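Under numbering that gives the first Met the number 0, residue 425 is the last one in the sequence shown; the count climbs by one each step, no gaps.
Glycine included, C-beta positions come from ideal geometry on N, C-alpha and C.
All values derive from a computational prediction rather than experimental measurement.
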Amino acid sequence: MSLSARRLCLLSALLLPLWGCQSGAVSPAADVAHAAGTPSPDAAAMAPARPRAASFDAWVREFRREAAAAGIDAATLAAAFDDATYLPEVIRRDRAQPEFSRRVWTYLDGAVSPARIRRGRERWQAHRPAIETAAARTGVPAPILVAIWGIESSYGEYFGDIATIDALATLGYDGRRPDFARRELMAALRILARGDIDRAHMRGSWAGAMGHTQFLPSSFERHARDADGDGRRDIWGSVPDVMASTADYLAEAGWRRGEPWGVEVRLPRGFDYARTELDVRASSAAWAERGVSTVDGDALPAFEAASVIAPAGAQGPAFLVGHNFRVILRYNASTSYALAVGLLADRLAGRPGVQTDWPRQQVALSHAQIRRLQQALNARGFDTGTPDGVIGPATRSGVRDYQRQQGEIPDGFVTRDLLERLLPSS
């Protein structure tokens, strides 16, 4: 396999369930970010892409007319659409779903690996003026900017080689979210018309996310900056532009200068794990009164409204996360992603990693198994909502109710043992 082919495969693995970072879209499982897996055999998910045909060409012609009516000039439309190509692989990726849910520690092993930490420090040093300038201007710490860069594209090594116009046109014609794709395609045309990039170099992921930190076109329009003064906002080739644009996004999302993203904590015996949800918020002082403390004995950060999260239930580490953690979630609405950014930033800054062991003996469950577990809990009167194979707040609530009935710690953590007790034949 060629180097370019290997890079394409790796990018596909990283981005499979995502619509791009700033789309506001939630990945298929809220606690799985950048997860890859064998496509599910679900018939709807695996429906074959329609072949390129006259209908795609007709769709492009109609969209071209709409874009012209919206003010896009003829030269831009010709450059964008004269050779527009339907990409069946984009539709296959759009419809594919990972077979297995991914344990958070498996994701973090890759996202915060020693190699990524080492490479991040090297890249930070190599581009220190651009990174520090963006950080000073916005208040978004340099380690956070470098961490997002590392997780999104491995510091610019793998940000995709698919033509953005073709990807979005394909998704607008045949994707699961055509209206979303059409809006992003119109934004991409405006970027071309402005002259920030030409069509040949406007490339990125299958989902239309572009550049070193994977901006969708609409986010590019709102947040991309020309930091190197060349008259172009270049998130593909200019690290100063990349850092300034990423910092601008986070700053506008509400980043609070001088406030950390969160900290690892210890929870007291008898702690109510029903409170380990992001929508449960209290001040650091209130959490301290409940017995929450840092793992190293330091004072808790002074958060006005913080949440405790325990991604592996009572068997693993817990974290107290504040406002800036929720800002990272604006970039990518996945708890695992936001946790990875915070932890990688800490390691880049020389702080220690997670000190509490993860329950690595707990294997991942398939989405089909999770769906059966949800059905079994619902049948017993423990409401998990509509069975969908995704572990979200409703599923965790139903699991907690079942665990309470069984006299167990009600942490809402789904395990194979729980599945086997509910479905002995599984």
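_Taking the beta carbon of GLY36 as the centre, do at least 16 other beta carbons fall within 10 Å, making it buried, or is it exposed?_
Numbered from its first residue, the sequence shown carries residue 36 at position 37. In this prediction, GLY36 has a pLDDT of 25, which is less than 50 and means its spatial position is unreliable; what the coordinates show is noted afterwards. Here GLY36 is buried, its C-beta having at least 16 other C-beta atoms within 10 Å.
*Kindly indicate which three-state DSSP category THR293 falls into: helix, strand or coil?*
By 1-based counting over the sequence shown, the position of residue 293 is 294. When secondary structure is reduced to three states using DSSP, THR293 falls in the strand class.
_Helix, strand or coil at PHE214 [DSSP, three-state]_ = Numbered from 1 along the sequence shown, position 215 holds the residue referred to as residue 214. When DSSP states are grouped into helix, strand and coil, PHE214 belongs to the strand group.
_PHE318, enclosing beta strand (DSSP E) - first and last residue_ = Within the sequence shown, the letter at position 319 stands for residue 318. Taken as a continuous stretch (DSSP letters only), the beta strand (DSSP E) holding PHE318 covers 317-320.
*asked:* Rounding to the nearest angstrom, what Cα-Cα distance links ALA192 and SER292 in this structure?
replied: In the sequence shown, residue 192 corresponds to position 193, counting from 1. In the sequence shown, residue 292 corresponds to position 293, counting from 1. For the pair ALA192 and SER292, the Cα-to-Cα distance works out to about 54 Å.
*Among the residues of its own chain, which have a CB less than 7 Å from the CB of ALA273, if the five just before and after it don't count?*
On the sequence shown, residue 273 is found 274 positions in, with the first residue counted as 1. The residues are ARG399 and PRO409.
*Taking buried to mean at least 16 other C-beta atoms within 10 Å of its own C-beta, is PRO27 buried or exposed?*
Working through the sequence shown from its first residue, we reach residue 27 at position 28. Its pLDDT being 28, under 50, PRO27 is placed unreliably by the model, and nothing is read from it.
*Under the assumption that ALA133 contacts LEU144 (Cβ atoms under 8 Å), give the Cβ distance between them as a whole number of angstroms.*
As a working mapping, residue 133 is identified with position 134 in the sequence shown. As a working mapping, residue 144 is identified with position 145 in the sequence shown. About 6 Å separates the Cβ atoms of ALA133 and LEU144, confirming a contact at the 8 Å cut-off.
_Would the stretch 257-269 count as touching the stretch 288-302 if we require 3 or more Cβ pairs under 8 Å?_
Short answer: they touch.
*Nearest to GLY406 (by Cα), restricted to the options ALA146, ARG63, ARG122 and GLY269*: Within the sequence shown, the letter at position 407 stands for residue 406. Each of ALA146, ARG63, ARG122 and GLY269 was checked against the Cα of GLY406, and the nearest Cα belongs to GLY269.
*asked:* Measuring straight from C-alpha to C-alpha, what distance separates ARG64 and TYR172?
replied: By one-based count along the sequence shown, residue 64 stands at place 65. By one-based count along the sequence shown, residue 172 stands at place 173. Distance between ARG64 and TYR172, taken at the CA atoms: about 15 Å.
_With distance defined between alpha-carbon atoms, name the residue in THR355, PHE214, HIS322 and VAL279 nearest to ALA313._
Position 314 of the sequence shown holds residue 313. For the set THR355, PHE214, HIS322 and VAL279, the Cα lying nearest the Cα of ALA313 is the one of THR355.
*Consult DSSP for GLU251 and reduce its assignment to one of helix, strand or coil.*
Working through the sequence shown from its first residue, we reach residue 251 at position 252. In the structure shown, GLU251 sits in a helix (DSSP, three-state: H, G or I).
*With a CB to CB cut of under 7 Å and the five nearest residues on each side skipped, what residues in its chain are close to GLU183?*
Numbered from 1 along the sequence shown, position 184 holds the residue referred to as residue 183. Hits under 7 Å: LEU167, GLY207, LEU215, PRO216 and SER217.
*With distances taken between CB atoms, is the gap from LEU343 to ILE116 smaller than 8 Å?*
For the purposes of this step, residue 343 is taken as the residue at position 344 of the sequence shown. For the purposes of this step, residue 116 is taken as the residue at position 117 of the sequence shown. Yes, these two residues count as a Cβ contact at 8 Å.
*Compute the distance between the beta-carbons of HIS427 and ARG255, then report whether it is under 8 Å.*
What is shown of the chain runs 0 to 425, which leaves residue 427 out entirely.
*Can you find at least 3 beta carbon pairs, one from the stretch 78-94 and one from the stretch 326-338, that sit closer than 8 Å?*
At 8 Å Cβ cutoff, the stretches do not touch.
_My assumption, with CB atoms under 8 Å, is that ALA68 sits in contact with ALA129. Please give the rounded CB distance._
Within the sequence shown, residue 68 is the residue found at index 69, counting from 1. Within the sequence shown, residue 129 is the residue found at index 130, counting from 1. Contact between ALA68 and ALA129 does not hold, since the beta-carbon distance rounds to 40 Å and is not under 8 Å.
*What are the partner residues of ARG265, as DSSP defines its beta bridges?*
Working through the sequence shown from its first residue, we reach residue 265 at position 266. SER292, per the DSSP bridge assignment.
_Taking the alpha carbon of VAL307 as the reference point, which residue from ASP271, ALA298, GLN96 and VAL326 has its own alpha carbon closest?_
If you number the sequence shown from 1, residue 307 lands on position 308. For VAL307, the closest C-alpha among the options ASP271, ALA298, GLN96 and VAL326 is that of ASP271.
*Is it true that the stretch 153-163 meets the stretch 347-354, where meeting means three or more beta-carbon pairs spaced less than 8 Å apart?*
Touching, no.
_Residues in the same chain with beta-carbon distance under 6 Å from ALA378, minus the five sequence neighbours each way, listed in chain order, please._
Taking the sequence shown and counting its residues from 1, one reaches residue 378 at position 379. If the five residues before and after ALA378 are omitted, its C-beta is found closer than 6 Å to no C-beta atom of its own chain.
_Helix, strand or coil for GLY312? Go by DSSP, reduced to three states._
Residue 312 sits at position 313 when you count from the first residue of the sequence shown. GLY312: helix per DSSP, three-state reduction.
*Can you check DSSP and say which residues form a bridge with ALA305?*
Your numbering for residue 305 matches position 306 in the sequence shown. Paired residues: ALA281.
*Around the Cβ of LEU149, are there at least 16 other Cβ atoms within 10 angstroms (buried) or fewer (exposed)?*
Along the sequence shown, read from residue 1 onward, the residue named residue 149 stands at position 150. At residue 149 the sequence reads Gly, which differs from the Leu that was named. Per the 10 Å Cβ criterion, buried.
*At a cut of 8 Å, does the stretch 90-99 reach the stretch 322-333 through at least three beta carbon pairs?*
No: the two stretches stay apart, fewer than three of their Cβ pairs being nearer than 8 Å.
*Around the Cβ of PRO40, are there at least 16 other Cβ atoms within 10 angstroms (buried) or fewer (exposed)?*
Residue mapping note: residue 40 aligns to position 41 of the sequence shown, counting from 1. Here PRO40 scores only 30 on pLDDT, less than 50, and its place in the model should not be relied on; the value that follows carries that caveat. PRO40 counts as exposed, since fewer than 16 other beta carbons sit within 10 angstroms of its beta carbon.
*Secondary structure of ILE161, DSSP reduced to three states*: Residue numbering aside, residue 161 sits at position 162 when the sequence shown is read from its first letter. Correct three-state label for ILE161: strand.
*May I ask you to report which of helix, strand or coil DSSP gives ARG202?*
Residue mapping note: residue 202 aligns to position 203 of the sequence shown, counting from 1. Note: ARG202 maps to strand in three-state DSSP.
_Check for me: the alpha helix (DSSP H) holding TYR106 runs from which residue to which?_
The residue given as residue 106 occupies position 107 in the sequence shown. Judged by DSSP secondary structure, TYR106 falls within the alpha helix (DSSP H) whose first and last residues are 103-110.
*Distance between SER333 and LEU319 (C-alpha atoms, nearest Å)*: Mapped onto the sequence shown, residue 319 falls at position 320. Mapped onto the sequence shown, residue 333 falls at position 334. Those two C-alpha atoms are separated by around 16 Å.
*Taking C-alpha atoms, which residue in ILE234, ILE369 and HIS222 lies nearest to ASP197?*
As a working mapping, residue 197 is identified with position 198 in the sequence shown. The residue with the shortest Cα to Cα distance from ASP197 is ILE234.
*With a 10 Å radius around its C-beta and 16 neighbouring C-beta atoms as the bar for buried, classify ARG92 as buried or exposed.*
Against the sequence shown, residue 92 aligns to sequence position 93. Counting of Cβ neighbours within 10 angstroms places ARG92 among the buried residues, the total reaching 16 or more.
*asked:* By DSSP's criteria, PHE270 is part of a beta bridge. Which residues make up the other side?
replied: As a first step, residue 270 must be located in the sequence shown, where it is residue number 271. For PHE270, which the question treats as bridged, DSSP gives no partner whatsoever.
_First and last residue of the uninterrupted alpha helix (DSSP H) at TRP148_ = Translated into the one-based positions of the sequence shown, residue 148 becomes position 149. Per DSSP, TRP148 belongs to the alpha helix (DSSP H) from 141-152.
_Closest to LEU107 by C-alpha separation, out of ASP387, GLY380, ALA187 and ARG359, would be which residue?_
The sequence position of residue 107 within the sequence shown is 108, counting from 1. Nearest to LEU107 by C-alpha distance, out of ASP387, GLY380, ALA187 and ARG359, is ARG359.
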